[in-house]
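A short worksheet on the structure shown next.
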Amino acid sequence: MTQIELRGVQKYFGAVQVIKDLNLKIDDNEFIVLLGQSGCGKTTTLRAIAGLETIDGGDVLIDGKPVQHLKAADRDIAMVFQSFSLYPHMSVYENIAFPLRATRKSKAEIDSEVRSVAKTLQISDLLARKPSALSGGDMQRVAIGRALVRRPKAMLMDEPIGALDAKLREEMRAEIKRLHIKQGSTTIYVTHDQIEAMSLADRIVIMHEGVLQQVGSPDEVYSRPANLFVAQFVGSPVMNVADVAVAEKASSASVTVGGAATGFEFPRALLSKLNGHASDKLALGIRPEGVIVRREAAEGFLPVEAQIVEPLGSFDIVDLKIGSKMLRARTRSGFVSGPGVKVFARIDPAQAHFFDTASGKSLGVRL
Amino acid sequence: MAAVTTSTERSLNKLAIVGVLIVTMIFLAPIYWIASTAFKPRNLATTIPPTVVFQPEISPFVKLFTKRSQLRTAPTPEQYAAAPWWERLVFDGGEKVVRSGRGEVQWSGYPNRFMNSLIVAITSTVLAVGMGTFTAYGFSRFKIKGEQDLLFFILSTRMLPPVVVAIPMFLMYRVVGLNDTHWGLIILYTAFNLSFSVWLMKGFMDEIPKEYEEAALVDGYTRMEAFFKIVLPEAATGIAATAVFCFITAWNEYAFALIMTNRRAQTAPPFIPSQVGSGLPDWTVIAAGTFLFLLPVAIFTFLLRNHLLRGMSFGAIRK
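Taken in sequence, the protein lines are chains A and B.
Counting in full-length UniProt numbering, the first sequence runs without a single skipped number right up to 367 at its last residue.
Counting in full-length UniProt numbering, the second sequence runs without a single skipped number right up to 319 at its last residue.
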């Protein structure tokens, strides 16, 4: 049972505040991913939990006890570094045994634990090797083994697969997930790769410029982004965001994008849900799959011109010009034959998000 | 590089090898001269042109280690027959070995000087490298107020040739009683080498990723344990390279040894040339002393050669 809690954590590097009043509660056995661009404070947060970085304000609690004054060694936490940080002068066996040697365990106990971890990670035949003789994937397995062997209260991982090539990354991602399910320890994982975050996390914590933006399940952050930053950071290709004007029509609402002649048709309920929000401070967010494209004209569909077609294998991303704006739509591959083709588009109101452009916050409108 | 070499490349390679051989011979010539003189009979040491082919003998080494005096009259056949083989070599050179009243062979000053050199050089190297390693670690890993100024200050101690301060140092040493003591020289040499050691070790420490220690800290070790278990083994190459340089400096130091010591703590460098002046110079003995004096540095460097090669190219190669 390990809960980790951050209460009002502040951290400065000189005059720069890298963590701003961070509050976060992590439950036992939870797999939390800290997601954000480089320099957003996610690694600093992780290092503050590990005890490698002091904090300038607030509390770090492990199982309800403040630990910010404890040394890293006394927090009973394991960490996997991006660079793996395997001790180059020690064999794989010695690397994995190293954390156990800091405890008062007997040689036989250490030996059996090292071998059992090696078996779990399928590196038993590598135990005699030096780290320099290992492949990237195996180095990563050893680094994880070194973290697991002590059965720590929590596992911290700082972009552990960031240094691997794409194919290996995918394999190791699955392996980390499998291990987490098997071992079930509280895990905090830092990455800038949203696909890693989405596939691994129980909950994703999105940070930007030291400020926590949103905490939620992968589905939540994808389908209900709290603000414009999260909306555009999560999801690939990124969400379309455009300033819009909303007008009342007879039986519906009209949402005009990029000053186009006609607006997209939305249910009338939009007006009441926007509750008179100033129209000049309104942005529409729509993911490419929420832009529906047809070849023939139909009711509610506006004529648009395809500008760029990016074939991505299983689907295409088509840039559609509407007014002065570009909307990216996801279509079946080959659906739009090429640039310059005239097609018709509609926005799926159920997938639309509305944001206040001044604060960037989502207005929480669901249709 | 292409596996196929053209004939031009091959001949260029040969040319390079010849060039390297020539340079090597130029560098080795003085060492060969000393080594060969150390094994020459006295009368061949100063011939013009130099004698290259000769029957090597070890009489210079026997003379080097014993106290001798000039023979007024040749030894009687009985004396000669009773003498051990090495003493006959001295008789052959027109000298005799000085013995005490009880007949014990008197040693020359050389073994003591040699031991002094070893004691002073090894101790000061251990101290300079040890303190340098700790200091460099501190500068490399912690934010220190005025770090750049302190490092510059440490470097600035090397901006004057040390011998500039020889006279004031001599006076100070006389007051505190460090003249002609081992500790006196050890302190001096440690002080010379420390700035060099700090700067060199800082370069090596900076190259060791700090994630290694952080991993050890998270793994349950204190910073001190992490330093000894992780940083020191990683810094072995740098320590070896620094130690070789410090040892060579301390081993070869002449000026201060000449001024600060005369008997008890005198090292080999001022002693060897002092032998030139006593009686007719025996160049073979001086060469034997110099030859033996070369050995410790050569052996030390040879033992650490792997570290040294890596140390020289440290940072140039992406690990």
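Using N, Cα and C, we set each Cβ at its ideal position, and we do this for glycine too.
Predicted, not measured: the structure shown is a model, and the values here were computed from it.
**Amino acids of chain B, ordered along the chain, whose beta-carbon sits closer than 8 Å to that of A/Ser-85** = In chain order: Pro-209, Glu-211, Tyr-212, Glu-214 and Ala-215.
**Identity of the residue in A/Glu-113, A/Leu-156 and A/Gly-137 nearest A/Thr-191 by Cα** = With distances taken between Cα atoms, A/Thr-191 lies closest to A/Leu-156.
**Request:** Taking all protein chains shown into account, decide if B/Leu-295 is buried (16 or more other Cβ within 10 angstroms of its Cβ) or exposed.
**Result:** In summary, B/Leu-295 is exposed, with fewer than 16 beta-carbon neighbours lying within 10 Å of its beta-carbon over all protein chains present.
**Prompt:** Quick one: is B/Asp-206 near chain A, going by C-beta distance under 9 Å?
**Reply:** Interface residue (Cβ-Cβ distance to chain A less than 9 Å): B/Asp-206 is not classified as such.
**Message:** For a contact defined as C-beta to C-beta under 9 Å, what are the partners of A/Pro-160 on chain B?
**Reply:** Here the premise fails: no neighbours, minimum Cβ distance about 12 Å.
**Asked** In chain order, what residues of the same chain lie with their CB nearer than 7 Å to the CB of B/Arg-99, ignoring the 5 residues before and after it?
**Response** Closer than 7 Å at the Cβ level, and outside the excluded window around B/Arg-99, lie Val-105 and Gln-106.
**Request:** Show which residues of chain A have a CB atom less than 8 Å away from the CB atom of B/Thr-222.
**Result:** Listed along the chain, the chain A residues whose CB falls inside 8 Å of the CB of B/Thr-222 are Lys-71 and Ala-73.
**Request:** On a CA-only basis, which of B/Arg-223, B/Phe-245 and B/Ala-16 is nearest B/Met-201? Give me that one, please.
**Result:** Of B/Arg-223, B/Phe-245 and B/Ala-16, the smallest CA-CA separation from B/Met-201 is found for B/Phe-245.
**Asked** Does the distance from the C-beta atom of B/Thr-242 to that of B/Val-120 stay below 9 Å?
**Response** It is not a contact, given that the beta carbons lie outside the stated cut-off.
**Asked** Can at least three beta-carbon pairs, one atom from the region 265 to 273 of chain A and one from the region 243 to 256 of chain A, be found at a separation below 8 Å?
**Response** Taking a cut-off of 8 Å for Cβ pairs, the region 265 to 273 of chain A and the region 243 to 256 of chain A touch, as three or more such pairs fall below it.
**Prompt:** Under 9 Å between the Cβ atoms of A/Lys-25 and A/Leu-6?
**Reply:** Closer than 9 Å, so yes.
**Asked** Considering A/Glu-113, what are the terminal residues of the alpha helix (DSSP H) in which it resides?
**Response** Its alpha helix (DSSP H) spans residues 107 to 120.
**Prompt:** Terminal residues of the continuous alpha helix (DSSP H) containing B/Met-172?
**Reply:** It spans 166 to 176 - the alpha helix (DSSP H) in which B/Met-172 sits, taken as one unbroken run.
**Request:** Return helix, strand or coil for A/Gly-8, following the three-state DSSP convention.
**Result:** A/Gly-8 falls in the strand class under three-state DSSP.
**Request:** State yes or no: is the beta carbon of A/Met-207 nearer than 9 Å to at least one beta carbon in chain B?
**Result:** Closer than 9 Å: no.
**Asked** Among the residues of its own chain, which have a CB less than 6 Å from the CB of B/Glu-234, if the five just before and after it don't count?
**Response** Result list for B/Glu-234: Ile-208, in chain order.
**Request:** Following the continuous alpha helix (DSSP H) through A/Gln-214, name the residue where it begins and the one where it ends.
**Result:** No alpha helix (DSSP H) holds A/Gln-214; the beta strand (DSSP E) holding it covers 211 to 216.
**Request:** Could you spell out the range, first to last residue, of the alpha helix (DSSP H) harbouring B/Asn-116?
**Result:** Its alpha helix (DSSP H) spans residues 110 to 141.
**Message:** To the nearest angstrom, how far is the alpha carbon of A/Glu-305 from that of A/Pro-339?
**Reply:** Using only the alpha carbons, I get a separation of about 8 Å.
**Prompt:** Can a CB atom of chain B be found closer than 9 Å to the CB of A/Met-79?
**Reply:** By the rule that beta-carbons nearer than 9 Å mark a contact, A/Met-79 touches chain B.
**Selected residue, minimal CA-CA separation from B/Ala-298, among B/Val-23, B/Leu-28 and B/Asn-43** = Of the listed residues, the one whose Cα sits closest to B/Ala-298 is B/Leu-28.
**Item:** C-alpha gap between B/Tyr-221 and A/Ala-73, whole angstroms
**Value:** One Cα belongs to B/Tyr-221, the other to A/Ala-73, and the distance between them is close to 6 Å.
**Message:** Could you compute how far the alpha carbon of B/Asp-180 sits from the alpha carbon of B/Asn-116?
**Reply:** Going from the Cα of B/Asp-180 to the Cα of B/Asn-116 covers about 11 Å.
**Asked** Taking the C-alpha atoms as reference points, what is the distance between B/Ile-317 and A/Leu-126?
**Response** For B/Ile-317, the predicted model reports a pLDDT of 37, less than 50, meaning its position is unreliable; a value from the coordinates is still stated below. Looking at the backbone, the Cα of B/Ile-317 and that of A/Leu-126 are separated by about 26 Å.
**Sufficient close CB pairs (3 or more, under 8 Å) joining the region 46 to 60 of chain A to the region 129 to 139 of chain A** = Not touching, per the Cβ criterion.
**Request:** Mark B/Ala-288 as exposed unless 16 or more other C-beta atoms lie within 10 angstroms of its C-beta, in which case mark it buried.
**Result:** Flag for B/Ala-288 reads buried.
**Prompt:** By the criterion of Cβ-Cβ separation under 9 Å, what are the contact partners of B/Glu-234 in chain A?
**Reply:** Correct list: Tyr-87, Pro-88 and His-89.
**Item:** Ranges of the beta strand (DSSP E) found wholly within the region 52 to 101 of chain A, counting only runs of at least 3
**Value:** Complete beta strand (DSSP E) runs here, min 3: 57 to 62 and 77 to 80.
**Prompt:** Skipping 5 residues on each side, what residues in its chain have a beta carbon closer than 8 Å to that of B/Val-231?
**Reply:** Setting aside the 5 residues that flank it on each side, B/Val-231 is surrounded in the same chain by Tyr-137, Met-205, Ile-208, Tyr-212 and Glu-213, each with a C-beta closer than 8 Å to its C-beta; the list follows chain order.
**Message:** So, under 8 Å CB-CB, A/Ala-242 and A/Ala-283 are touching, yes? Tell me the CB distance rounded to an integer number of Å.
**Reply:** Right, the Cβ-Cβ distance comes to about 7 Å (below 8 Å), so this counts as a contact.
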